[in-house]
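Asker: Can you keep this structure in mind? I'll have questions shortly.
Numbering (this note's numbering), first residue to last: -8 to 218.
Structural data, given as structure tokens:
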């Protein structure tokens, strides 16, 4: 889903609207509206914190969690972005792949989100650390080998806190995994699902067998059924 302030979702103009708990409640509203009782959560960067926060509030609705480059605290590089808009406008001309992301950081909303995340990290430091602890569902931790946003020491700390999680490292990926390395990330996620029996590889092969059997029976008895 597009988070509030992003994409096609609503864009509140008050800073308080971007408190972390509001993002979590938005997700819960979507699940209820769609009639989804349980889901797999995949969160990147701030989205990883939202996914873990959701788990703490609604454990019975989470089947598994995949965190990708989670920001256990707000990096300095991220905090200064809203203040260097002239440089971002120049960067936008040369980096076509991240135009949408840069456009977001050029808005006032980006400052609201970053300040909210920083305030959350400062005021609820213990809660923020507890988000990574005592996660009882299958968990995958994906991190980029060349992430220039999240410091390596923060990755190591958050992974230690997230005890029992599987680790997958994308050696050549940067922070924006799904823009730069979507196939590799997708394969890691699918492997995690299969390895933890969250989906069965037999489902696809069984379906194929049924289709082939139906086609062969149809061909030998009534060829028109094949079509």
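Each residue gets a CB set at the ideal place from its N, CA and C atoms; glycine is no exception.
1) Classify residue 57 as helix, strand or coil using the three-state DSSP reduction.
2) Which same chain residues end up closer than 8 Å to residue 161 when comparing Cβ atoms and leaving out the 5 residues on each side of it in sequence?
3) Among 18, 30, 148, whose alpha-carbon lies nearest the alpha-carbon of residue -8?
4) Sort 143, 154, 170, 106 by Cα distance to residue 8 and report the nearest one.
5) Exposed or buried, residue 126, counting other C-beta atoms within 10 Å across all chains shown (16 or more means buried)?
6) Counting C-beta neighbours from all protein chains within 10 Å, is the total for residue 139 16 or more, i.e. buried, or is it exposed?
7) So which of 12, 0, 190, 25 has the shortest CA-CA distance to residue 122?
8) Throw me the rounded Cβ distance for the residue 56 and residue 130 pair, which I believe falls under 8 Å.
9) Three-state secondary structure (DSSP) at residue 134?
10) In the DSSP assignment, what are the bridge partners of residue 266?
11) Taking the continuous beta strand (DSSP E) assigned at residue 32, which residues delimit it?
12) So is residue 217 buried or exposed if we call it buried at 16+ other beta carbons inside 10 Å?
Answerer: Well, looking at it:
1) Residue 57 falls in the strand class under three-state DSSP.
2) 133, 134, 135, 136, 168, 172, 175, 176, 179.
3) Nearest C-alpha to residue -8: 18.
4) In terms of Cα proximity to residue 8, the closest of 143, 154, 170, 106 is 106.
5) Residue 126 comes out buried.
6) When all chains shown are included, residue 139 counts as exposed.
7) When each option's Cα is compared against that of residue 122, the closest is 12.
8) Sure, about 5 Å apart at Cβ, within 8 Å.
9) Reduced to three states, the DSSP call for residue 134 is strand.
10) Absent from the structure is residue 266, since the part of the chain shown begins at -8 and ends at 218.
11) Here the beta strand (DSSP E) through residue 32 covers 30 to 35.
12) Model confidence at residue 217 stands at a pLDDT of 47, short of 50, so the residue's coordinates are unreliable and nothing is read from them.
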